[in-house]
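Visitor: In our numbering, each residue's number is its place in the sequence shown (first place is 1) plus 135. Pasting in a structure now, in structure tokens, and then I'll have a few things to ask.
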Amino acid sequence: MKLVLSGTPCTGKTTLAQELSKQTNWPVIDLNALVKKEGLNLGKQGREYVADLRRLRSRVLKLVKGKEHWIVEGHLACEISLPADVVAVLRADPLLLLKRMKARKYALHKVADNVFCEILDYCLIQSEFNYRHARIIQLDTTRGLSAKHAINRLKSRQSDCVDWSELVHDKRLAFLLRNNTPRDVRKGLKSRRA
Ligand SMILES: Nc1ncnc2c1ncn2[C@@H]1O[C@H](COP(=O)(O)OP(=O)(O)OP(=O)(O)O)[C@@H](O)[C@H]1O
Ligand SMILES: [Mg+2]
Numbered sequence: 136m137k138l139v140l141s142g143t144p145c146t147g148k149t150t151l152a153q154e155l156s157k158q159t160n161w162p163v164i165d166l167n168a169l170v171k172k173e174g175l176n177l178g179k180q181g182r183e184y185v186a187d188l189r190r191l192r193s194r195v196l197k198l199v200k201g202k203e204h205w206i207v208e209g210h211l212a213c214e215i216s217l218p219a220d221v222v223a224v225l226r227a228d229p230l231l232l233l234k235r236m237k238a239r240k241y242a243l244h245k246v247a248d249n250v251f252c253e254i255l256d257y258c259l260i261q262s263e264f265n266y267r268h269a270r271i272i273q274l275d276t277t278r279g280l281s282a283k284h285a286i287n288r289l290k291s292r293q294s295d296c297v298d299w300s301e302l303v304h305d306k307r308l309a310f311l312l313r314n315n316t317p318r319d320v321r322k323g324l325k326s327r328r329a
């Protein structure tokens, strides 16, 4: 199986990829690690490096060439097009993501970006754009997902239905919206004010 695992940060891509690989021996390419290790970036924007998606894609294509089975995992996977059979977009309750990102001490604006990307189905929409020839399924990992169960789901191509849109009005997320609207929106608001 040629498998892409994408999804919002902290949905459990690396955890699941490692478990799947243990069960199947399929090799894993961790896109975050590859970008870091090989310096596949376009320089910094603020404090963060911006990944060079063109170089990343061509590097991954070389690594998977001629292989029958592989797993490529990382949120960046939804931004590039790879010869996958199945793309699994991992989903998780935004309130759980909030907790996990807080534990990882992510900056609040980054937490806000990611929480709202999850609510707005960002990785799913990008995957649908970049993987027109693959089967795209969603796997809700909120209550955990064993590798065994995931393999069955991948083989049967059985997707979860996910809709977090009600959470836009959830009081527990209001503080994020008030002070940390997603970066691009904020930039737009600032430039409109100027
Ligand atoms: N099935 C699970 N049950 C409980 N905790 C989990 C599960 N999957 C992941 N986690 C926890 O959630 C956190 C994020 O997991 P992981 O690093 O696998 O996510 P990721 O999607 O690869 O994130 P990133 O995009 O930042 O690399 C970790 O602390 C991990 O231990
Ligand atoms: Mg990861």
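Cβ coordinates follow ideal geometry from the N, Cα and C atoms, glycine included.
(1) At what residues does the beta strand (DSSP E) containing residue 138 begin and finish?
(2) Give, in chain order, every unbroken run of the alpha helix (DSSP H) that is at least 4 residues long and sits entirely within the stretch 288 to 315.
(3) Report, in whole angstroms, the separation of the C-beta atoms of residue 155 and residue 282, which I expect to be a contact under 8 Å.
(4) Start and end of the beta strand (DSSP E) containing residue 186?
(5) For residue 296, I'd like the list of residues in its chain whose CB is within less than 8 Å of its CB, leaving aside the five on either flank, ordered along the chain.
(6) If you compare alpha carbons, which of 279, 189, 145 and 226 is closest to residue 170?
(7) Evaluate residue 178 with the Cβ neighbour count: other Cβ atoms within 10 Å of its Cβ, from every protein chain shown; 16 or more gives buried, anything less gives exposed.
(8) Candidates 208, 284 and 256: which alpha carbon is nearest residue 163's?
(9) Quick one: complete beta strand (DSSP E) runs, 3+ long, within the stretch 207 to 293?
(10) Given this structure, state the Cα-to-Cα distance separating residue 242 from residue 174, to the nearest angstrom.
(11) Can you tell which of 233, 186, 217 and 137 has its C-alpha closest to the C-alpha of residue 248?
(12) Three-state secondary structure (DSSP) at residue 177?
Guide: With the structure as the only source:
(1) Here residue 138 refers to the residue found at position 3 of the sequence shown. Here the beta strand (DSSP E) through residue 138 covers 137 to 142.
(2) Counting only unbroken stretches of 4 or more residues, the alpha helix (DSSP H) elements lying wholly within the stretch 288 to 315 are 306 to 314, in sequence order.
(3) Here residue 155 refers to the residue found at position 20 of the sequence shown. Here residue 282 refers to the residue found at position 147 of the sequence shown. With 8 Å as the limit, residue 155 and residue 282 qualify as a contact, their Cβ atoms being about 5 Å apart.
(4) Start at 1 with the first residue of the sequence shown, and residue 186 comes out as number 51. Looking at the DSSP string, the run of the beta strand (DSSP E) that includes residue 186 is 183 to 186.
(5) Position 161 of the sequence shown holds residue 296. Same-chain partners within the cutoff: 273.
(6) Mapped onto the sequence shown, residue 170 falls at position 35. Restricting attention to 279, 189, 145 and 226, the CA atom closest to the CA of residue 170 is found in 189.
(7) Stepping through the sequence shown from its first residue, residue 178 is reached at position 43. Result: exposed.
(8) Against the sequence shown, residue 163 aligns to sequence position 28. Of the listed residues, the one whose Cα sits closest to residue 163 is 208.
(9) Taking only runs of at least 3 residues, the beta strand (DSSP E) segments lying wholly in the stretch 207 to 293 are 221 to 226 and 270 to 275.
(10) Mapped onto the sequence shown, residue 242 falls at position 107. Mapped onto the sequence shown, residue 174 falls at position 39. In this model, residue 242 and residue 174 are separated by some 23 Å (Cα to Cα).
(11) Residue numbering aside, residue 248 sits at position 113 when the sequence shown is read from its first letter. Comparing Cα positions, the closest option is 233.
(12) Stepping through the sequence shown from its first residue, residue 177 is reached at position 42. Residue 177: strand per DSSP, three-state reduction.
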